[in-house]
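Taking it in order: structure first as structure tokens, then the write-up.
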Ligand SMILES: NC(=O)c1ccc[n+]([C@@H]2O[C@H](COP(=O)([O-])OP(=O)(O)OC[C@H]3O[C@@H](n4cnc5c(N)ncnc54)[C@H](O)[C@@H]3O)[C@@H](O)[C@H]2O)c1
Ligand SMILES: CC(C)CCC[C@@H](C)[C@H]1CC[C@H]2C3=C(CC[C@]12C)[C@@]1(C)CC[C@H](O)[C@@H](C(=O)O)[C@@H]1CC3
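Residue numbers (the working numbering): -12 to 332.
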């Protein structure tokens, strides 16, 4: 009788492995002796030791062929938050995640690690040292966050020790680092258009920014601690640099490092938020006639003007987590990695 071999514990798949975080994760997994299958709708690079499977995660058959003999899956695929496309977020983050769970169970995968987001508890108002027991946001700031909440609930709810399917969610916040397509490029674009002169609010609001290698470290620790007898099964973990910094100090350090002036003039938070809301409303009303995308959306203004930093205590206790790269080192590596974004380049 043919016996089904237990998949090697060093064989894993990264769904979304062509993306910013996904590719850093793949590189670290290879370094640690894992063999990696990447599943993504696009292939953005080639690396020895990586098998690419191009497909949409809503397609179960495509997923099943990528998950053959895989014991561990990292799910870090999502549409970009800036797209604000409700149907796309629901299709990929909710329906797609259900498909990922079904495919994992059918393929005999034992562990699923989800990249969630600390923003699942954020409603646009201050969060100071937030712990994982904060309730999910009742009014999430956008469709992206709304579907990240649903996605996290699905993955954690699927954890089943009896059936040998274990799940955990990592909640990073404000990921930055080399090849980030979002934070630094948007910041520089805003500076180049002369719009980074102002500080929204008094500039004292502390925020977490997390260097990508620390996020990768948190994911791998979670995968390696995920066992039936461990307290981490079905739980969520904040992973940050554990060095909250005033939002505008972080932005200024990156800008100055790239040769741009730091923002200097203060504007009242409520005034900017009100203007951003008005502009957003206008852009929605005028959408059938003219397409314009305001830089200062209400969501960005809230993120720039409120406190949102989170406790990593649970990750420290259960996973032995400790950031491996400090904020200072992370900012230096990031700035160095963007020669084409330097002022005058
Ligand atoms: N960047 C941040 O600050 C941040 C913070 C917290 C959480 N996260 C989460 O981390 C994860 C990775 O984010 P990132 O910044 O690397 O984004 P990214 O856009 O660089 O990577 C996402 C990847 O998912 C892939 N993808 C999208 N739709 C897909 C589909 N239908 N089927 C297969 N692949 C698909 C994309 O092609 C891309 O390669 C996401 O789940 C995001 O929600 C990001
Ligand atoms: C125009 C300026 C006021 C600001 C320019 C920088 C912003 C583009 C970034 C600053 C904080 C960033 C951030 C995200 C997107 C980019 C910023 C707004 C997220 C919303 C991306 C999605 C993640 O899940 C969120 C998280 O929980 O980490 C990010 C929060 C910070």
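By construction, the Cβ of each residue, glycine as well, lies at the ideal position given by its N, Cα and C atoms.
Just so it is clear, the structure is predicted and the values come from calculations on it, not from any experiment.
Exposed unless 16 or more other CB atoms sit within 10 angstroms - verdict on residue i
| i | result |
| --- | --- |
| residue 106 | buried |
| residue 265 | exposed |
| residue 274 | exposed |
| residue 32 | exposed |
| residue -10 | Because the pLDDT at residue -10 is just 41, under 50, the model does not fix this residue reliably, and the value given afterwards should be weighed accordingly. Burial call: exposed. |
| residue 61 | buried |
| residue 38 | exposed |
| residue -7 | Confidence at residue -7 is low in this model, with a pLDDT of 49, below 50, so its placement is unreliable and no value can be given for it. |
| residue 67 | exposed |
| residue 268 | exposed |
| residue 65 | buried |
| residue 261 | exposed |
| residue 98 | buried |
| residue 108 | buried |
| residue 104 | buried |
| residue 321 | buried |
Option nearest residue i by Cα separation, candidates the options
| i | options | result |
| --- | --- | --- |
| residue 220 | 290, 101, 8 | 101 |
| residue 258 | 280, 230, 187, 229 | 187 |
| residue 45 | 74, 13, 20, 86 | 86 |
| residue 332 | 69, 179, 54 | 179 |
| residue 294 | 190, 194, 129, 244 | 194 |
| residue 91 | 312, 147, 299, 74 | 147 |
| residue 253 | 71, 191, 316 | 191 |
| residue 47 | 93, 7, 73 | 93 |
| residue 227 | 177, 16, 197, 52 | 197 |
| residue 279 | 270, 316, 128, 15 | 270 |
| residue 210 | 325, 319, 156, 23 | 156 |
Below-8 Å beta-carbon distance, residue i vs any chain B residue
| i | result |
| --- | --- |
| residue 208 | Within the model displayed, chain B is absent; a lone protein chain is all it includes. |
DSSP beta-bridge partners of residue i
| i | result |
| --- | --- |
| residue 27 | 41 |
| residue 292 | Answer is none; residue 292 lacks a bridge partner. |
| residue 19 | DSSP lists no partner for residue 19. |
| residue -2 | 22 |
| residue 76 | DSSP lists no partner for residue 76. |
| residue 62 | 2, 101 |
| residue 335 | As shown, the chain starts at -12 and ends at 332. That puts residue 335 outside it, with no answer to give. |
| residue 297 | 117 |
Cβ-heavy atom distance, residue i to ligand 2, below 7 Å
| i | result |
| --- | --- |
| residue 178 | no |
| residue 8 | no |
| residue 287 | yes |
| residue 136 | no |
| residue 170 | yes |
| residue 294 | no |
| residue 291 | yes |
| residue 12 | no |
Residue i CB to nearest heavy atom of ligand 1 below 7 Å
| i | result |
| --- | --- |
| residue 27 | yes |
| residue 154 | no |
| residue 70 | no |
| residue 44 | yes |
| residue 159 | yes |
| residue 48 | no |
| residue 102 | yes |
| residue 52 | no |
| residue 66 | yes |
| residue 92 | no |
ask   = Considering only residues of the stretch 143 to 180, which uninterrupted beta strand (DSSP E) runs meet the minimum length of 3 residues and lie entirely inside it, listed in chain order?
value = 153 to 159
Start-end ranges of the beta strand (DSSP E) lying completely within the stretch 184 to 237, minimum 3 residues = 185 to 187, 223 to 226
Any alpha helix (DSSP H) of 4 or more consecutive residues that is wholly inside the stretch 83 to 120 = 83 to 94
ask   = What are the uninterrupted segments assigned as beta strand (DSSP E) that are 3 or more residues long and contained completely in the stretch 301 to 328, given in chain order?
value = none
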